[in-house]
Amino acid sequence: MGTPIIVLAGQSNAGRIAGEVQDALDATYGAGKYILVRAYSAGAPLTSARDGKTDWQTPGEMRTVIVDETVAALRATPDGYVAGVIWVQGEGDTDESGTPGDYAPDFHALMSEFRAEIASDMGNRLTGVEDAPIVISGLSDYAPAAPERQFWDAIQAELIGLGADNAGIVTVQPDLVLTAAGIAPAQMFTDGLHYSDAASVALADNLVSALVQMDTQGGEGGANTQGTSGADRLVGTSGNDIFIVDHSGDTIVEADNAGIDLVRASVSFALRDYGMSLENLTLLGNADLSGTGNGADNILTGNSGNNALNGAWGDDVIYGMAGDDTLQDTNGTDTLIGGTGDDVYFVDDANDVVIEYKGQGHDLINSSVSYRLWADAPEVEDLILTGSDNIDGAGNGYDNHIIGNAGANFLDGARGRDLLEGGGGADTLLGQTGADTLLGQDGDDVLYGDHEDGASTTYAGQAFRLYQATLARAPDANGYGFWTEQLADGANYFNVITGFVQSPEFQATYGSLSDDAFVEMLYNNVLDRASDANGKAVWQAYLDDGATREFVVSHFAESPEFQRMMEQDLEAWTRALGPDDVLDPGAGDSTLSGGDLSDTFVFRPSSDGTHVITDFEAWDVLDLVAFGYADANAARSEFYQQGDDLIFDDEGVTIVLQDTTMDALSDQGLMI
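Each residue of the sequence shown is one higher than the one before, starting from 12 at the first, in the numbering used here.
Given below as structure tokens:
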């Protein structure tokens, strides 16, 4: 076995952790039994200008240093081979002069030139550089300087992508390994960019561990065991062994507690077939393979194909890498890390961690415990609750598809245009922001299009009238949605009016007027008529006694006269915005609240049960298409008034429109 040569390259953080990397290499290979090539500088951006920083390297200078230092190490060590490169770099490319789209091509070009020049300089000597693995240190979300860097997230994604998309390259996520080591974000850095002592130790240990697992020559006390292309018997040692499995008939002989061993397989492989003797598994190539753990705490790494990865028992870390992967574990607290592709995760423990980065496919979590995408997996799109326990599910800012299980679920779409399906059980579905579709399905369900208390309907008219009364115009859709939301969430109505009255738009019309002229203009602009003497005298007296103009405006905006004037305008404006939420309760009794905007309530003969709509408005729609009525009048014949409520009763389906009369049920409000 030759002497490993490890190249530590990059910029200032490479220098920061160099001592800790050496300590980790000592523990792995043994002190003096390897060579560490230090090829880094204070700054070494691949895509950014160094802007006069003389202690920074250009890409060309960096390549020269890496090549020269590695060649010198190889010449000084006749049995030396390049065991791999640890790349700690990227911060310098995150400022406004960086070009993230060039990062991966520039990195590949640098490494290709490095390999080619080493091979050329060393002639016929076998150096291992052609296949030497590369371990990349990613960027941390918790670096204090990150928010100030324009391209931090973009370069972070490029570093992750290099590891996910390329065989022979692995990216170590600092936040994952440092958090697992018990290091809080506030203790990770000593300044805006540079790691603390504790963080350097944990990061270096993980970078070296990842490199050793990829080094096909093995570490101290271990061996790289590789057979022929046929079915082979691979025998390990008492150290940390690497087994290369390339045939389904290969077998491994390894004792329990004999080091930390890695299987690198280009065929499907299950560690549990060998009891507890093997710890880690990396799939090679691009075939669609499966990988299974055992009862130990395994690290499973997929390839670029579509993999099915199952940690089995233990607290496992599973990397999907590229491809459409399935990541799961049947027991334990696990960390599931996806990659590019449409990944499927299975979560069965409240402490399981799912890590998916932005732009890495359309992903799904199957969870048997309550799960909130917005908090626990903000870059995952879809969620299915499994089993029959009464658990909850919540979406995030994407257009989520959330499906309940057989239990009683609370499903919250959060933001986005979501599709919520209750499944069995007595479910509560809350669409919140966005035009959502809510399907109650079986069970006695409660469906809220916008707010859990249904209060947004009450405030929709207030928000519309505020715009008309103060600004003499219809609201813009975003402003209307914002103020309706604020009022529904408990904002003080008078405080909201104050914001409108103090706005430049209001002040341009009313700001310079005397109190007398102010009241007269309110009559003209709000009520579309001249003042009457008694009414004007009342408002003038209020102002003389110290009442604010906000007080006067609030009474004009909510006066019965103005509310009647705005009814048709509000209905027409709301309909013009188009459909909002779709609420389909399915079978069983249900309570439905569409919230603001134009909602559609869907019923069919199979929707047996009593369905109470708490907030049916003139702009809402009843979808009765499935009943097959000839026209709107035929549908109306199935309605009758009962006190304040309008009741539909046909084919075992009862719909109660609370506080609604037949006059409110226009042809536009019926879909037949």
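Beta carbons are placed, not taken as given, at the ideal position from N, Cα and C, and that holds for glycine.
Practice task
Determine the contact status of residue 10 and residue 110, defining contact as a CB-CB distance below 9 Å.
Solution key: A query on residue 10 cannot be resolved here, the shown segment of the chain reaching from 12 to 683 and no further.
Handout entry: the region 357 to 371 touching the region 329 to 344, judged by at least three CB pairs closer than 8 Å
Key = Taking a cut-off of 8 Å for Cβ pairs, the region 357 to 371 and the region 329 to 344 touch, as three or more such pairs fall below it.
Problem - Simplified DSSP state of residue 630, which is helix, strand or coil - result: Correct three-state label for residue 630: coil.
Problem - Buried or exposed (CB count within 10 angstroms, at least 16 for buried), residue 86 - result: Counting Cβ neighbours within 10 Å, residue 86 comes out exposed, since fewer than 16 surround it.
Exercise for the section: Check whether the region 183 to 193 touches the region 373 to 391, counting contact only when three or more Cβ pairs, one atom from each stretch, lie closer than 8 Å. Expected result: Touching, no, given that fewer than three Cβ pairs across the two stretches are closer than 8 Å.
Handout entry: Same chain, Cβ closer than 7 Å to residue 122, neighbours up to 5 away in sequence not counted
Key = Excluding sequence neighbours, residue 122 sits near 145.
Handout entry: Chain-order list of residues whose beta-carbon lies under 6 Å from that of residue 234 (same chain, five-residue window excluded)
Key = Only weak support is given to the placement of residue 234: the predicted model assigns it a pLDDT of 47, under 50, and the question is left unresolved by the model.
Handout entry: For residue 614, three-class secondary structure by DSSP
Key = Looking at residue 614 - three-state DSSP - the assignment turns out to be coil, as it is neither helix nor strand.
Practice task
Starting from residue 77, follow the alpha helix (DSSP H) in both directions and report where the run begins and ends.
Solution key: Unbroken alpha helix (DSSP H) run through residue 77: 70 to 87.
Problem - Same chain only: Cβ atoms within 6 Å of residue 212, ignoring 5 sequence neighbours per side - result: Same-chain partners within the cutoff: 31.
Practice task
Counting only the same chain and skipping the five closest in sequence on each side, list residues whose C-beta sits under 7 Å from that of residue 668.
Solution key: 624, 627, 656 and 657, listed in sequence order.
Problem - Cα-Cα separation between residue 232 and residue 40, rounded to whole angstroms - result: With a pLDDT of 40 at residue 232, under the threshold of 50, the predicted position of this residue should be treated as unreliable, and no value is reported.
Handout entry: Bounding residues of the alpha helix (DSSP H) (the contiguous stretch that carries residue 515)
Key = Element bounds for residue 515: 515 to 521.
Practice task
Return the CA-CA distance between residue 511 and residue 548, expressed in angstroms with no decimal places.
Solution key: It is roughly 25 Å from the alpha-carbon of residue 511 to the alpha-carbon of residue 548.
Handout entry: Candidates 423, 370, 344 and 366: closest to residue 383 by CA position
Key = Considering only alpha carbons, the answer is 423.
Practice task
Would you mind stating whether residue 420 and residue 401 have Cβ atoms separated by less than 9 Å?
Solution key: Yes, Cβ-Cβ distance for residue 420 and residue 401 is below 9 Å.
Exercise for the section: Measuring alpha carbon to alpha carbon, tell me which of 20, 23, 16 and 161 ends up nearest residue 42. Expected result: Minimum Cα distance to residue 42 is reached at 16.
Handout entry: Bridge partner(s) assigned by DSSP for residue 590
Key = Answer is 609, bridged to residue 590.
Handout entry: Rounded separation between residue 229 and residue 47 - CA only
Key = Caution is warranted here: a pLDDT of 40 is assigned to residue 229, below 50, making its placement in the model unreliable, and the coordinate value is therefore given only provisionally. C-alpha separation (whole angstroms): 16 Å.
Problem - Collapsed DSSP secondary structure at residue 412 in the structure displayed - result: Residue state, collapsed to three classes: strand.
Problem - Three-way DSSP call (helix, strand, coil) for residue 234 in this model - result: Note on residue 234: pLDDT 47, under 50, position unreliable in the model; no value is reported.
Problem - Coil, strand or helix - residue 330 by DSSP - result: Annotated three-state conformation of residue 330 is strand, per DSSP.
Problem - Backbone CA spacing between residue 354 and residue 444 [nearest angstrom] - result: Here the alpha carbons of residue 444 and residue 354 stand approximately 26 Å from one another.
Practice task
Label residue 119 either buried or exposed according to how many other C-beta atoms from any shown protein chain fall within 10 Å of its C-beta, with 16 as the threshold for buried.
Solution key: Classification of residue 119: exposed, given that the 10 Å Cβ count is below 16.
Practice task
Kindly indicate which three-state DSSP category residue 511 falls into: helix, strand or coil?
Solution key: DSSP, read as helix, strand or coil, puts residue 511 in helix.
Exercise for the section: Would you identify the three-state DSSP class for residue 565, choosing helix, strand or coil? Expected result: Residue state, collapsed to three classes: helix.
Problem - the region 513 to 532 in contact with the region 615 to 622 per 3-pair CB rule at 8 Å - result: Segment contact: the region 513 to 532 against the region 615 to 622, fewer than three CB-CB distances shorter than 8 Å; contact not assigned.
Practice task
With a threshold of 16 other CB atoms inside 10 Å of the CB of residue 325, please say whether the residue is buried or exposed.
Solution key: With 16 or more Cβ atoms within 10 Å of its Cβ, residue 325 is classed as buried.
Handout entry: residue 98 - containing beta strand (DSSP E), residue span
Key = Taken as a continuous stretch (DSSP letters only), the beta strand (DSSP E) holding residue 98 covers 91 to 99.
Exercise for the section: Compute the distance between the beta-carbons of residue 429 and residue 411, then report whether it is under 9 Å. Expected result: It is a contact, given that the beta carbons lie within the stated cut-off.
Practice task
Output the distance between the C-alpha atoms of residue 114 and residue 406, rounded to the nearest integer angstrom.
Solution key: A straight line joining the alpha-carbon of residue 114 with that of residue 406 spans about 33 Å.
Practice task
Compare the Cα-Cα distances from residue 408 to each of 395, 386 and 398 and report the closest residue.
Solution key: Per the Cα distances, 386.
Practice task
Report the three-state DSSP secondary structure of residue 419 (helix, strand or coil).
Solution key: Per DSSP, reduced to three states, the secondary structure at residue 419 is coil, with no helix or strand assignment.
Handout entry: Among 509, 274, 185 and 72, the one whose alpha carbon lies nearest that of residue 254
Key = The shortest C-alpha to C-alpha distance from residue 254 to any of 509, 274, 185 and 72 is the one to 274.
Exercise for the section: Identify every residue that forms a DSSP beta bridge with residue 15. Expected result: For residue 15, DSSP records a beta bridge to 92.
Practice task
Evaluate the contact criterion for the region 447 to 458 versus the region 539 to 548: three or more CB pairs, one atom per stretch, below 8 Å.
Solution key: The region 447 to 458 makes no contact with the region 539 to 548; the number of CB pairs closer than 8 Å stays below 3.
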